[in-house]
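Yeah, the sequence shown ends on 211 if you go by this note's numbering, and it's all consecutive.
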Amino acid sequence: MAGTVPAPQPPPGPPPRPLFWPWRPNPLRRRTDTARAWLGLGVLLAVLAVAPLAGALVGDAAHRHYQDVARHQQQTRHLTDATLLHDAPRHPEPGSDEEKKTRYPVEVRVVTREGRTRTTRAEVPPGLTADSVVGVWIDSDGEATDAPLTGKEVSSRAAGWALLSAIGVALAGAAVHAVTGFVLHRRNLARWAAAWAETAPRWTTPT
Numbered sequence: 005m006a007g008t009v010p011a012p013q014p015p016p017g018p019p020p021r022p023l024f025w026p027w028r029p030n031p032l033r034r035r036t037d038t039a040r041a042w043l044g045l046g047v048l049l050a051v052l053a054v055a056p057l058a059g060a061l062v063g064d065a066a067h068r069h070y071q072d073v074a075r076h077q078q079q080t081r082h083l084t085d086a087t088l089l090h091d092a093p094r095h096p097e098p099g100s101d102e103e104k105k106t107r108y109p110v111e112v113r114v115v116t117r118e119g120r121t122r123t124t125r126a127e128v129p130p131g132l133t134a135d136s137v138v139g140v141w142i143d144s145d146g147e148a149t150d151a152p153l154t155g156k157e158v159s160s161r162a163a164g165w166a167l168l169s170a171i172g173v174a175l176a177g178a179a180v181h182a183v184t185g186f187v188l189h190r191r192n193l194a195r196w197a198a199a200w201a202e203t204a205p206r207w208t209t210p211t
């Protein structure tokens, strides 16, 4: 329609950087730009190469370590019957799913492998009365303890250490790239300051 004022259009944004722009011919490209680009590529390739290797080595070492731990626990721990010496506390919400997961520390009487009777504290389900019998794991000293590590737990812990090591390599690579980029940026600022100190007197008129 004649006389209609067109709607204002936003100013065009900066043109997108072309792929591999640090390596393309560009009069504004600095040597530090190219150096940082090559450094970033080198760090990326190093992380891709080292992270899986570090994860495999650390995971294997952790797996062997936890296998030894599990073997030692199986040799020094055993499941036995424990007799409650006192009533266990009752859960505030009887019959709830939370009650099935909750355990309370209670004094119990156990018999060690050597036949010695001793008292220890064990985690038991809520609501049990005195003289109730529950199964607990005890160590060689007769102290209540956790069950030995299972094969699944060994694998899970080893996988966790492998993942942490791979993440650590990636973070180290990112830190190297960031610190080097900061150093190059400070170097650019110093060069700009030196160049301006040389050029500024030509632009100023003495008073």
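Every residue gets a Cβ at the ideal spot worked out from N, C-alpha and C, and that includes glycine.
Collapsed DSSP secondary structure at residue i in the structure displayed
i             : result
leucine 89    : coil
glycine 17    : At glycine 17 the pLDDT is 49, less than 50, meaning the model places this residue with poor confidence and gives no usable figure here.
proline 205   : helix
proline 109   : strand
valine 9      : Note that valine 9 scores 46 on pLDDT, short of 50, meaning its location in the model is unreliable; the coordinates nonetheless yield the value given after this. The answer is coil: DSSP assigns valine 9 none of H, G, I, E or B.
arginine 125  : strand
histidine 76  : helix
arginine 191  : helix
threonine 36  : helix
serine 184    : Note that residue 184 is threonine in the sequence shown here, rather than serine. Looking at threonine 184 - three-state DSSP - the assignment turns out to be helix.
glutamate 102 : helix
histidine 95  : coil
Whole-Å CB distance - residue i paired with residue j, under 8 Å assumed
i            : j              : result
alanine 86   : arginine 113   : 7 Å
alanine 66   : tryptophan 196 : Not confirmed; about 49 Å, so no contact.
alanine 163  : valine 51      : Between valine 51 and alanine 163 the Cβ distance is about 20 Å, and since that is not below 8 Å, they are no contact.
tyrosine 108 : proline 93     : 5 Å
tyrosine 70  : leucine 132    : About 33 Å separates the two Cβ atoms, so there is no contact after all.
glycine 177  : valine 47      : 5 Å
CB contact flag (residue i, residue j, <8 Å)
i              : j              : result
alanine 55     : alanine 151    : no
glutamate 111  : leucine 83     : no
arginine 81    : tryptophan 141 : yes
asparagine 192 : threonine 38   : no
aspartate 101  : alanine 134    : no
glycine 44     : histidine 181  : yes
alanine 74     : valine 158     : yes
leucine 188    : arginine 40    : yes
Contact test: residue i Cβ vs the ligand FAD heavy atom, cutoff 7 Å
i          : result
alanine 55 : Absence of the ligand FAD from the depicted structure is noted, as is the absence of any ligand whatsoever, leaving it without description.
Worksheet entry | Inter-stretch contact (C-beta, 8 Å, three-pair minimum) for the segment 143-163 and the segment 112-129 | Yes, since at least three Cβ pairs between the segment 143-163 and the segment 112-129 fall closer than 8 Å, the two stretches touch.
Practice prompt. Pick out the complete beta strand (DSSP E) segments inside the segment 128-178, 3 residues or longer, and give them in chain order.
Written response: DSSP runs (the beta strand (DSSP E)) wholly in the segment 128-178: 137-142.
Discussion item. Three Cβ pairs or more, each shorter than 8 Å: is that satisfied between the segment 56-64 and the segment 125-141?
Written reply: The segment 125-141 and the segment 56-64 do not touch, with fewer than three beta-carbon pairs separated by less than 8 Å.
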